[in-house]
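Protein chains in written order, with my numbering: chain W, 52 to 297; chain X, -17 to 180.
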């Protein structure tokens, strides 16, 4: 009996302050090496979730807009069919999975991803000094030559499943694993509840209620990738007023 | 010397090299598909800092696996008791039979040095394994005792003087069991890659 989960995320842009807490949390949770300036300059920085900053308007009426971008876990993922070794595939819980030990590093998937959320390990990851001791034992350290990306913190979902089964002493099913038993690091860290994670198939869950909001849209929807990450539009009460002035 | 006589050493050499090649091939294939053959120190269990016979502790004295490997029923790793744990018994049992070995334990305790046990069971890289759900499944669903659950993968440790890995614990080994028991779990697809690889 398979679990009919469909993991998804709702990102309310209106609440995002661009504080980068999610980025830092993701970096710590998923054993991502420290990005230095040279990594950004050579476009080899790894950020499973990043805050895209967009400037809107002209000086002096400039507004900064922030969009957290992570792997969209597309239902029609462009990265999946191009993999020659089936290292990336869609599992039946709606996750776009990257299997590190299958990956041979062709980088086709990263080239085909319209969101630029896949990162290639050009070198073995390194941490200075004792930072090696703070790595998360639940997450594989990706070695040189393989692709990596956001997993929706699948290690936390698995741990949630184990906790539910072990502590409550009941068999796991759709009813027992509920919201709050699992939470990706970025959602955990978000101070303004911009990010929400949950089961889109569970009609009572917060994400499935919020994803139907009238502000909802999906990134690059016209490409037909059908992402599992839903964005809620920014509400700007002054926009119309300013347009009238301009 | 005729031509035939000259060819004989060549033929013998060829036979010997073929035999060596076949033996090497057998060794490699066995190591690839299963546990390595125990020859020339390969595949043999590592030498432990203190001789700990499971035969005495687990079989003769009937100590439950989960008494020393406490974390096995609640966490990811099986864990071994700290030296203080050994002293629970060995404070009084100083032993006539294995005095030098027990003296080592007490030495470790008095000098505040942990024992550097060597790891025996090795999983391949890039796999995440937690003991607790496996033990829970084997005891609750399959109805085995704790010892029975442990021996499913670790072999009959009770009868081993030196513990060695008995199953290959490679992916085929894992998947066989996961596939057989898929129907028994109400859990998500346990043959999915993300069950172990993340």
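Even glycine gets a Cβ: it sits at the ideal position worked out from N, Cα and C.
| Check | Outcome |
| --- | --- |
| Which residues, in chain order, does the stretch 42 to 55 of chain X contribute to contact with chain W at a C-beta distance below 8 angstroms? | none |
| If distances are taken between C-alpha atoms only, which option among W:69, W:169, W:257 comes closest to residue 197 of chain W? | W:169 |
| Counting only beta-carbon separations shorter than 9 angstroms, does residue 217 of chain W have a partner in chain B? | Note that chain B does not occur in the displayed structure, where the protein chains are W and X. |
| Using only alpha-carbon positions, find the residue among X:-6, X:146, X:135, X:92 that is nearest to residue 185 of chain X. | Past the boundaries of the shown model lies residue 185 of chain X; chain X is included only from -17 to 180, so the question cannot be answered. |
| Within the same chain, show all residues whose beta-carbon is closer than 7 angstroms to that of residue 52 of chain W, passing over the 5 residues directly before and after it, in chain order. | The pLDDT assigned to residue 52 of chain W is 37, lower than 50, so where the model puts this residue is not dependable, and the model offers no usable value. |
| Could you compute how far the alpha carbon of residue 86 of chain X sits from the alpha carbon of residue 103 of chain W? | 60 angstroms |
| Our contact map puts residue 184 of chain X next to residue 77 of chain X with C-beta atoms below 8 angstroms; I'd like the distance itself, whole angstroms only. | Past the boundaries of the shown model lies residue 184 of chain X; chain X is included only from -17 to 180, so the question cannot be answered. |
| Identify each residue in the stretch 84 to 118 of chain X for which the Cβ-Cβ distance to at least one residue of chain W is less than 9 angstroms, and report them in chain order. | 106, 107, 108, 109, 110, 112, 114, 115, 118 |
| Does the stretch 137 to 157 of chain W come into contact with the stretch 81 to 95 of chain W, if we say contact requires no fewer than three beta-carbon pairs (one atom in each stretch) closer than 8 angstroms? | no |
| Going by C-alpha to C-alpha distance, which of X:172, X:104, X:64 sits closest to residue 97 of chain X? | X:64 |
| With residue 282 of chain W as the anchor, note down where its beta strand (DSSP E) starts and where it stops. | 280 to 283 |
| Measuring straight from C-alpha to C-alpha, what distance separates residue 1 of chain X and residue -5 of chain X? | 10 angstroms |
| The beta strand (DSSP E) spanning residue 248 of chain W covers which residue range? | 246 to 250 |
| Quick one: what's got a C-beta closer than 6 angstroms to residue 90 of chain X's C-beta in the same chain, skipping five residues either side? | 65, 97 |
| How would you list, in chain order, the residues of chain X whose beta-carbon sits under 7 angstroms from the beta-carbon of residue 280 of chain W? | Going along chain X, no residue has its Cβ under 7 angstroms from residue 280 of chain W, so there is no contact; the nearest lies around 18 angstroms. |
| Considering Cα atoms alone, identify which of W:77, W:114, W:84 is closest to residue 363 of chain W. | In the structure displayed, chain W extends from 52 to 297; residue 363 of chain W sits before or after that span and is not available. |
| Suppose contacts are defined by Cβ-Cβ distances below 9 angstroms. Is residue 27 of chain X in contact with residue 145 of chain X by that definition? | yes |
| What residues in its chain sit with their C-beta under 7 angstroms from that of residue 36 of chain X, if we drop five residues either side in the sequence? | 139, 140, 142, 145 |
| Name, please, each residue of chain X whose Cβ falls closer than 8 angstroms to the Cβ of residue 146 of chain W. | 176 |
| I'd like the span of the alpha helix (DSSP H) that includes residue 147 of chain W, first residue to last. | Careful: residue 147 of chain W lies outside any alpha helix (DSSP H), inside the beta strand (DSSP E) at 147 to 149. |
| Going by C-alpha to C-alpha distance, which of W:109, W:56, W:117 sits closest to residue 65 of chain W? | W:117 |
| Taking the alpha-carbon positions, what's the residue 164 of chain X to residue 176 of chain X distance? | 15 angstroms |
| Out of W:210, W:165, W:233, which one is the CA nearest neighbour of residue 33 of chain W? | This structure cannot settle anything about residue 33 of chain W, because the visible part of chain W is limited to 52 through 297. |
| Give the straight-line distance between the Cα atoms of residue 251 of chain W and residue 32 of chain X, rounded to the nearest whole angstrom. | 54 angstroms |
| Which residue marks the beginning of the alpha helix (DSSP H) containing residue 160 of chain X, and which one marks its end? | 153 to 162 |
| Inspect the CB distances between the stretch 227 to 242 of chain W and the stretch 59 to 75 of chain W and report whether three or more fall short of 8 angstroms. | yes |
| With a threshold of 8 angstroms, establish whether the CB of residue 164 of chain X neighbours any heavy atom of the ligand ZN. | Of the ligands one can find in the structure shown there are none, so the ligand ZN has no counterpart to examine. |
| 9 angstroms is my cut-off, CB to CB: does residue 189 of chain W come that close to chain X? | yes |
| Note down, in chain order, every chain X residue with its Cβ under 8 angstroms from the Cβ of residue 151 of chain W. | 108, 179 |
| Output, in chain order, the set of chain X residues within a Cβ distance shorter than 9 angstroms of residue 202 of chain W. | 176, 180 |
| Looking at residue 270 of chain W: is its Cβ nearer than 9 angstroms to the Cβ of residue 258 of chain W? | no |
| Under three-state DSSP, which class holds residue 52 of chain W? | Note that residue 52 of chain W has pLDDT 37, beneath the 50 cutoff, so the model's placement of it is unreliable and no number is given. |
| Terminal residues of the continuous alpha helix (DSSP H) containing residue 271 of chain W? | It is not in any alpha helix (DSSP H) - residue 271 of chain W carries neither H nor E in the DSSP assignment. |
| Quick one: which chain X residues come within Cβ less than 8 angstroms of residue 238 of chain W? | Within 8 angstroms Cβ-Cβ: nothing; residue 238 of chain W doesn't reach chain X, min ~17 angstroms. |
| How long is the line joining the alpha carbons of residue 218 of chain W and residue 93 of chain X, rounded to whole angstroms? | 38 angstroms |
| Would you mind listing the beta strand (DSSP E) stretches within the stretch 30 to 92 of chain X that are 3+ residues and don't spill past its ends, in chain order? | none |
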